[in-house]
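When the sequence shown is numbered by UniProt numbering, its final residue is 199 and no position is left out of the sequence of numbers.
Following: one structure in structure tokens, then a few remarks.
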Amino acid sequence: MDFDKLEAAWRSPANTPDDRAQAYLMEELMRTLKARRRRELLFYAIPATAMTIFTAITVQAIAAGRMDVGREWASLVMLAMCWLVLAAVLVVGFLLRSRGRSGGSPVRDTLTTMLVANRRARANVKIFWMMLPVFLAPMLVGVQQLREVGKATDRDAWQMLFVFGVALVASVGWNTARYVWVLKPEQRRLEALLAEYEA
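Structure representation (structure tokens):
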């Protein structure tokens, strides 16, 4: 759905839709919400699947004796931090979703639901920012431990740090750009539309 067209139609003097036009607008808004929920589910399912695979590999390595937990504990802390972030995103999403219904007009309910979805996405970015410094320490210790137990050479360790660094910089850049140029403007637009609707 083109948000600019919706906003222009919303603010136009001829904005007195009949039942058919209002049903069309509601259908478009609901289509937007469903598409956003599918994207959010996909963005949650991809890391959850990857973390499940990594956890299974780690459990298998410990069971087979290929991993000394006493000397390689940092990788377990890293894994736990990733699961903690995924759990926090799920819990915050559930808590914010439960506040999304007002029981008023369908248009107002839809705008409120879109605003709650925006708030949930902004909360996810904030969780990422808060956990990033906490994640860095076990990552650095984990690379050092792999080198100390002979599972990585100095060259391997530097390559791991380079790859981790590029991935973290890309993640920070993507999340920050999305927060500043997509989520915050969308929040302001939705709040303005809701305020105008309630006026």
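Note that CB positions come from ideal geometry on N, CA and C, so glycine has one too.
Per the C-alpha coordinates, the member of 121, 60 and 72 positioned closest to residue 138 is 72. Counting C-beta pairs closer than 8 Å gives three or more between the stretch 129-137 and the stretch 77-95, which meets the contact rule. The beta carbon of residue 183 sits closer than 8 Å to the beta carbons of 118, 121, 122 and 125 from its chain, once the five residues preceding and following it are set aside; these are given in chain order.
A direct Cα-to-Cα measurement between residue 80 and residue 58 gives close to 12 Å.
Exclusion of the five residues before and after residue 37 leaves 117 as the residues of its chain whose Cβ lies within less than 8 Å of its Cβ. Here residue 180 is exposed, its C-beta having fewer than 16 other C-beta atoms within 10 Å.
Taking a 10 Å sphere around the C-beta of residue 69, we find fewer than 16 other C-beta atoms and assign the residue as exposed. Non-local beta-carbon contacts of residue 161 in its own chain, meaning distances under 7 Å to residues more than five positions away in sequence, involve 143 in chain order.
Going by C-alpha positions, residue 169 is about 30 Å away from residue 33. Taking 7 Å as the cut-off, the Cβ atoms of residue 111 and residue 194 count as close. Residue 97: member of the alpha helix (DSSP H) spanning 73-97, first to last residue.
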